[in-house]
Amino acid sequence: MNFLRNRTDKKNRLLTDKMTNGVRLISAAELKNPVVEQFRTVRTNIDFASVAKGDIKTLLISSSAPSEGKSTINANLAVVYAQQGKKVLLVDADLRRPTVAATFGDNRNTVGLTNYLSDNKKEITDIIKDSGIQNLDIITSGPIPPNPAELLGSGIMTELIDKLKSVYDLVIFDVPPFLWVTDAQVLMSKVDGVAIVVSGGKSKKSDLKRTYEILKLSEVSILGFIYNDKNNKKTGGYGYGYGYNNN
Ligand SMILES: Nc1ncnc2c1ncn2[C@@H]1O[C@H](COP(=O)(O)OP(=O)(O)OP(=O)(O)O)[C@@H](O)[C@H]1O
Ligand SMILES: [Mg+2]
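Residues in the sequence shown are numbered consecutively from 1357, following my numbering.
Set out below in structure tokens:
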């Protein structure tokens, strides 16, 4: 009993910590770190996949279940794309456990995506923020709303994505896991391509199978699978895999 309570306490502490301090930005801090090379490889493979599937301007990266490394990969990938000279925007569309604000040092997160979606007088310039990294802007989540899936599925969200596409070379959306809430599924029909994070020793085969079935039904472009093995010290745990993306 005590053991269970301790485990829950630890989990809650980790979640609070992540939402307060953000995820680790390796690519901004350590240009020569081999892990950065892994993120560049992920970038290159996404670029290759998009050659076959048409221009990818909007990209959503999710996973089947929570805490598999989505936000870490999204933030670092946004940085390596920006370092390549692309004009990049990272949008925190995880309106349940947002991390982008904290990762980029905007600890108040009082204005963001949810403000725009619930107030039709807002302009995109009201919510776009400088990340502090050249070529990279961010839109933080804004205050956590009671109805995330409804907001993300709205017509205003579709219009917003169109506007952002006209300004940026690449827009990356951080979202909750596919199978736990409908948010990612709602949003994926509005983007050009989706990649799935698979966590070494954590992702369940049955969950991955269900996720893949959902993606196939939606007819969204599946760009591939990003293998995140937190325990692999050599690569820092990041890699890119081609799963069943030969559709
Ligand atoms: N390759 C890695 N090596 C070491 N730590 C990692 C790695 N990937 C992720 N982590 C750590 O694992 C935790 C979960 O990562 P992250 O927040 O990116 O996952 P998430 O899938 O976005 O979670 P959530 O479902 O809560 O949004 C974080 O503390 C992060 O620093
Ligand atoms: Mg996350």
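Even glycine gets a Cβ: it sits at the ideal position worked out from N, Cα and C.
Worksheet entry | Whole-angstrom C-beta distance between ILE1570 and PHE1529, which should lie under 8 Å | Incorrect: roughly 17 Å between the Cβ atoms, too far for contact.
Worksheet item: Should ASN1603 go down as buried or exposed, given a rule of 16 or more other Cβ atoms within 10 Å for buried?
Response: Model confidence at ASN1603 stands at a pLDDT of 43, short of 50, so the residue's coordinates are unreliable and nothing is read from them.
Fill in: THR1496 Cβ short of 7 Å to ligand 1 heavy atom set
no
Fill in: THR1414, DSSP secondary structure in three states
strand
Worksheet item: Within 7 Å: the Cβ of SER1418 and any heavy atom of ligand 2?
Response: In this structure, the C-beta of SER1418 stays at least 7 Å away from each heavy atom of ligand 2.
Discussion item. Check whether the segment 1557 to 1568 and the segment 1437 to 1446 are in contact - that is, three or more C-beta pairs closer than 8 Å.
Written reply: Segments in contact, no.
Worksheet entry | ligand 1 heavy atom lying under 7 Å from the CB of ASN1584 | yes
Worksheet entry | Where ALA1551 falls: helix, strand or coil (DSSP) | strand
Fill in: Near ligand 1: LYS1426 beta-carbon under 7 Å from a heavy atom
yes
Worksheet item: With burial defined as no fewer than 16 other Cβ atoms inside 10 Å of the residue's Cβ, what is the status of LYS1426: buried or exposed?
Response: By the neighbour-count criterion, in which 16 or more other beta carbons inside 10 Å mark a residue as buried, LYS1426 falls on the buried side.
Practice prompt. Can you tell me the Cβ-Cβ gap for LYS1409 and GLY1580, rounded? I've got them flagged as a contact below 8 Å.
Written response: The Cβ separation is near 10 Å, so there is no contact.
Practice prompt. Say yes only if the C-beta of ARG1453 is nearer than 7 Å to one or more non-hydrogen atoms of ligand 2, and no if none qualify.
Written response: yes
Practice prompt. Would you check whether ligand 1 has a heavy atom nearer than 7 Å to the C-beta of VAL1510?
Written response: Note on identity: in this sequence residue 1510 is Ser, with Val being the wrong assignment. No, ligand 1 has no heavy atom inside 7 Å of this Cβ.
Worksheet entry | Residues sharing a beta bridge with ASN1584, DSSP | In the DSSP output, where bridge partners are listed per residue, ASN1584 has SER1555 and TYR1594.
Practice prompt. For SER1545, collect the residues of the same chain with a Cβ closer than 8 Å to its Cβ; drop the 5 residues on either side in sequence, then sort them by chain order.
Written response: Around SER1545: SER1574 and VAL1576.
Worksheet item: What is the DSSP secondary structure of ILE1480, reduced to helix, strand or coil?
Response: helix
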